[in-house]
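Just below is one structure, and these are the notes that go with it.
Residue numbers (our numbering): 1393 to 1633.
Right, dumping it as structure tokens:
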């Protein structure tokens, strides 16, 4: 697998995402690549930003999150929330590279991923291409951020080992690879978190990918989600939320 970061100019609020894609990736596109795009530039293009002088971060977190821990229970001014079935700090609201603005999550993330997929397939006459909208997230009891997928299109989200055998002929019963977050983590590593100005990445020859010529079905979208009740960590989550 190869991942190539895409260097861009500093994206400004309200720029047209399609023009950015045309300018920077048109010569990099080919069949069976996956384009990873950080959610931050999509939010900036959508004007999903709020001036720090017009609202406090605490107020925004309450507005943007589905579930929030008691505001007093936080570290470094960051509180734990659930948004769109994802356990994520501060409802995904970001301050870095915001130029005195709070950057919110994009609107209609999954629809945006499908829209980008349709646009690139049509304009560049591609049959198989994947789209991955990424963000950074944290893992409980581990230091540092990794990547997470917020939206995707063009390939199956999971690779299942169920029914397959291990080295000793024992059949897997539940194991599946979350391809979305695995690829997002690799892409986020290449794109970076600071002043790199590489908000996109081209992923080539990714293993275990089954490309599709259609957007994901509702069943496929639901397949990557686990309810809090069914989650392995549910005993902990129920005590916190």
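Glycine included, every Cβ here is placed at the ideal spot set by N, Cα and C.
The model shown is predicted, which means the values in this text are computed figures rather than measured ones.
(request) Please report the residue range of the alpha helix (DSSP H) in which residue 1560 lies. (result) Per DSSP, residue 1560 is not a residue of any alpha helix (DSSP H), being assigned neither H nor E.
(message) Within 9 Å of any Cβ in chain C, is that where the Cβ of residue 1514 sits?
(response) In summary, chain C is missing from the structure at hand, where a single protein chain is found.
(request) Return the chain-ordered list of same chain residues with a C-beta closer than 6 Å to the C-beta of residue 1586, the five sequence neighbours on each side being excluded. (result) Close CB contacts of residue 1586 within its chain, under the 6 Å cut and outside five residues either way in sequence, are absent.
(message) Buried or exposed for residue 1555, going by 16 or more other Cβ atoms inside 10 Å?
(response) It counts as exposed.
(request) Confirm, please, whether the CB-CB distance from residue 1400 to residue 1580 is below 9 Å. (result) For the 9 Å CB-CB criterion, residue 1580 and residue 1400 do not form a contact.
(message) Could you compute how far the alpha carbon of residue 1459 sits from the alpha carbon of residue 1410?
(response) C-alpha of residue 1459 to C-alpha of residue 1410: approximately 33 Å in a straight line.
(message) If you reduce the DSSP assignment to three classes, tell me which class residue 1510 lands in.
(response) Residue state, collapsed to three classes: helix.
(request) Measure the C-alpha to C-alpha separation of residue 1552 and residue 1438 and round it to an integer number of angstroms. (result) Taking the CA atoms as reference points, residue 1552 sits about 35 Å from residue 1438.
(request) Pull up the CB-CB distance for residue 1550 and residue 1571, whole angstroms please, since I reckon it's below 8 Å. (result) Indeed they touch by this definition, with Cβ atoms about 6 Å apart.
(request) Measure the CB-CB distance between residue 1416 and residue 1592 and report whether it falls below 9 Å. (result) When the beta-carbon positions are compared, residue 1416 and residue 1592 come within less than 9 Å of each other.
(request) Indicate the three-state DSSP secondary structure (helix, strand or coil) for residue 1537 in the structure shown. (result) Residue state, collapsed to three classes: strand.
(request) Would you mind stating whether residue 1488 and residue 1449 have Cβ atoms separated by less than 9 Å? (result) For the 9 Å CB-CB criterion, residue 1488 and residue 1449 do not form a contact.
(message) As an exercise, report each continuous beta strand (DSSP E) stretch of at least 3 residues that is fully enclosed by the segment 1424 to 1486, in chain order.
(response) Runs found: 1425 to 1430, 1441 to 1443, 1472 to 1475 and 1478 to 1481.
(request) Could you tell me the distance, in whole angstroms, from the CA atom of residue 1516 to the CA atom of residue 1525? (result) Straight across, the Cα-Cα distance linking residue 1516 with residue 1525 is about 20 Å.
(request) Helix, strand or coil for residue 1593, going by three-state DSSP, please let me know. (result) If DSSP states are grouped into helix, strand and coil, residue 1593 belongs with the strands.
(request) Round the Cβ separation of residue 1598 and residue 1539 to the nearest angstrom and send it over; I've been treating them as touching at under 8 Å. (result) Wrong, their Cβ atoms sit about 14 Å apart, outside the cutoff.
(request) Whole angstroms is fine: what's the gap from residue 1536's alpha carbon to residue 1578's? (result) Residue 1536 and residue 1578: Cα-Cα distance of roughly 14 Å.
(message) I'd like the span of the beta strand (DSSP E) that includes residue 1396, first residue to last.
(response) Secondary structure note for residue 1396: its beta strand (DSSP E) is the uninterrupted segment 1394 to 1398.
(message) Taking 9 Å as the threshold (C-beta atoms), are residue 1478 and residue 1486 in contact?
(response) Contact: no.
(request) Give the C-beta separation of residue 1501 and residue 1523 to the nearest angstrom, bearing in mind that I take them to be a contact with Cβ-Cβ under 8 Å. (result) The pair is not a contact, with the Cβ atoms about 11 Å apart (cut-off 8 Å).
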